[in-house]
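These notes concern the structure reproduced below.
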Amino acid sequence: FIDAETTRKHELQQARLLATAGRYAKALEVFNTLFPEGRPTLSLELEYLETQASIEGRWLDTYQALKNLDTQYPDFPPIELALADHLMRNNPGNEWALNTYKRLAYGYGIGRQAAGSWIRELNSRPITENVLEEYAELASRYPDDIDIQERYKTARTALEAEQERLKNPRYRAKKQGLALLNRNRTQQAKWKLLEALKDFPNDEEVLGGLGMVYLREGRQAKALTYFKRAQNNNINPDLTSKWGARYNTSR
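Taking this note's numbering, I'd label the letters of the sequence shown as residues 5 to 255.
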């Protein structure tokens with residue numbers, strides 16, 4: 005360990021840079037070369053597992069390793085937070101993970117880091133009164149944190165804008181249609197999304213939702229058309245790969 009932190013500090017930094025650049029497998033190779041007997045500290049082990057978790061197909065391996073650490077070191081906040089973050093990657097909205105964020109955010113030391121994870125989870129959800137209440141809770145816990153206060157303010161503004169949009173019945177049809185689609189109520193979703201399309205002909209979510217409707221109906225050619233239109237109207241970077249994958253599925 006001393007060798008890695010002094011004479012071989014450059015190699016450790018290289019591993020971290022590779023992970024930051026998204027070259028996770030190569031980063032693990034460097035870690036394994038540095039520590040052939042295993043990582044000598046808990047912080048390095050958690051860093052290693054975070055890198056491993058980013059490799060496709062390694063979610064379960066990482067989960068089992070984190071669970072073993074949690075059993076070995078119960079109620080240890082850094083492990084609990086790492087496990088909660090890992091669960092959220094594969095299961096957004098995981099109740100245990102969210103409750104862990106909330107509990108740890110009220111502690112000290114790792115509390116602000118847990119608050120950051122809680123914020124990421126909130127950002128992944130559509131803005132609602134419940135989401136705003138959680139932002140308010142965070143803002144109350146960290147009254148002097150400028151970033152959290154700004155995010156709370158942004159969330160309030162976003163909710164006001166969403167409430168204004170919801171006055172449009174066709175916008176409500178969009179929201180209802182997407183929710184129905186997620187619950188596999190395809191035919192009900194279809195009519196809601198077709199209604200929404202009248203006001204939102206270039207909305208990527210409406211177009212992509214209809215593409216999924218037609219794909220489920222076995223109408224590949226029509227699904228392909230709608231997925232292509234969703235691609236052409238893509239403005240949300242989080243949806244770019246989704247439309248590409250579904251377009252390829254329909255071909």
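All C-beta atoms, glycine included, are put in the ideal place defined by N, C-alpha and C.
Helix, strand or coil: how does DSSP classify residue i here?
{"i": "N237", "result": "coil"}
{"i": "S245", "result": "helix"}
{"i": "G42", "result": "coil"}
{"i": "F80", "result": "coil"}
{"i": "S47", "result": "helix"}
{"i": "K202", "result": "coil"}
{"i": "D74", "result": "helix"}
{"i": "A25", "result": "coil"}
{"i": "G213", "result": "helix"}
{"i": "N103", "result": "helix"}
{"i": "Y251", "result": "helix"}
{"i": "D65", "result": "helix"}
{"i": "A8", "result": "Confidence at A8 is low in this model, with a pLDDT of 47, below 50, so its placement is unreliable and the value that follows should be read with caution. Here A8 sits in helix by DSSP."}
{"i": "R223", "result": "coil"}
{"i": "D207", "result": "coil"}
{"i": "G97", "result": "coil"}
{"i": "E60", "result": "coil"}
{"i": "G111", "result": "coil"}
{"i": "A31", "result": "helix"}
Measuring straight from C-alpha to C-alpha, what distance separates residue i and residue j?
{"i": "L49", "j": "Q18", "result": "The identity of residue 49 in the sequence shown is Glu, whereas the question assumes Leu. Near 16 Å, if we compare the C-alpha coordinates of Q18 and E49."}
{"i": "Q191", "j": "A57", "result": "37 Å"}
{"i": "P96", "j": "Y28", "result": "22 Å"}
{"i": "A8", "j": "F35", "result": "Note that A8 has pLDDT 47, beneath the 50 cutoff, so the model's placement of it is unreliable and no number is given."}
{"i": "I123", "j": "K30", "result": "30 Å"}
{"i": "L198", "j": "R220", "result": "16 Å"}
{"i": "A69", "j": "L87", "result": "10 Å"}
{"i": "E141", "j": "T37", "result": "45 Å"}
{"i": "Q108", "j": "E51", "result": "The sequence as given places Leu at residue 108; Gln does not occur at that position. L108 and E51: Cα-Cα distance of roughly 19 Å."}
{"i": "G113", "j": "P40", "result": "31 Å"}
{"i": "T55", "j": "T66", "result": "9 Å"}
{"i": "I6", "j": "H14", "result": "In this prediction, I6 scores a pLDDT of 47, lower than 50, which makes its location untrustworthy; the coordinate-derived value is nonetheless stated afterwards. Between I6 and H14, the C-alpha separation is close to 13 Å."}
{"i": "L136", "j": "R12", "result": "47 Å"}
{"i": "N134", "j": "K171", "result": "19 Å"}
{"i": "D79", "j": "D149", "result": "26 Å"}
{"i": "R311", "j": "K179", "result": "The chain is shown from 5 up to 255; residue 311 falls before or after that span and cannot be answered."}
{"i": "D74", "j": "P205", "result": "50 Å"}
{"i": "T158", "j": "S121", "result": "17 Å"}
{"i": "I239", "j": "E60", "result": "26 Å"}
{"i": "K226", "j": "R176", "result": "24 Å"}
{"i": "N237", "j": "L32", "result": "38 Å"}
{"i": "G181", "j": "N94", "result": "25 Å"}
{"i": "P44", "j": "L16", "result": "13 Å"}
{"i": "P147", "j": "E125", "result": "20 Å"}
{"i": "L21", "j": "G42", "result": "20 Å"}
I believe residue i touches residue j by the beta-carbon criterion, under 8 Å. Please report the beta-carbon distance rounded to the nearest angstrom.
{"i": "R174", "j": "A200", "result": "5 Å"}
{"i": "L102", "j": "I131", "result": "Contact flag wrong, Cβ pair sits at about 17 Å."}
{"i": "G248", "j": "Q235", "result": "7 Å"}
{"i": "A193", "j": "V210", "result": "About 11 Å separates the two Cβ atoms, so there is no contact after all."}
{"i": "Y230", "j": "L243", "result": "At roughly 14 Å, the Cβ-Cβ gap does not stay under 8 Å, so Y230 and L243 are not in contact."}
{"i": "Y139", "j": "A118", "result": "At roughly 15 Å, the Cβ-Cβ gap does not stay under 8 Å, so Y139 and A118 are not in contact."}
(Q) What ranges does the alpha helix (DSSP H) occupy inside the region 162-197, keeping only unbroken runs of at least 4 residues that lie completely in it? (A) 173-186
Q) For the region 119-170, which segments carrying the alpha helix (DSSP H) assignment without a break, of at least 4 residues, lie completely within its bounds, in sequence order? A) 133-145 and 150-169
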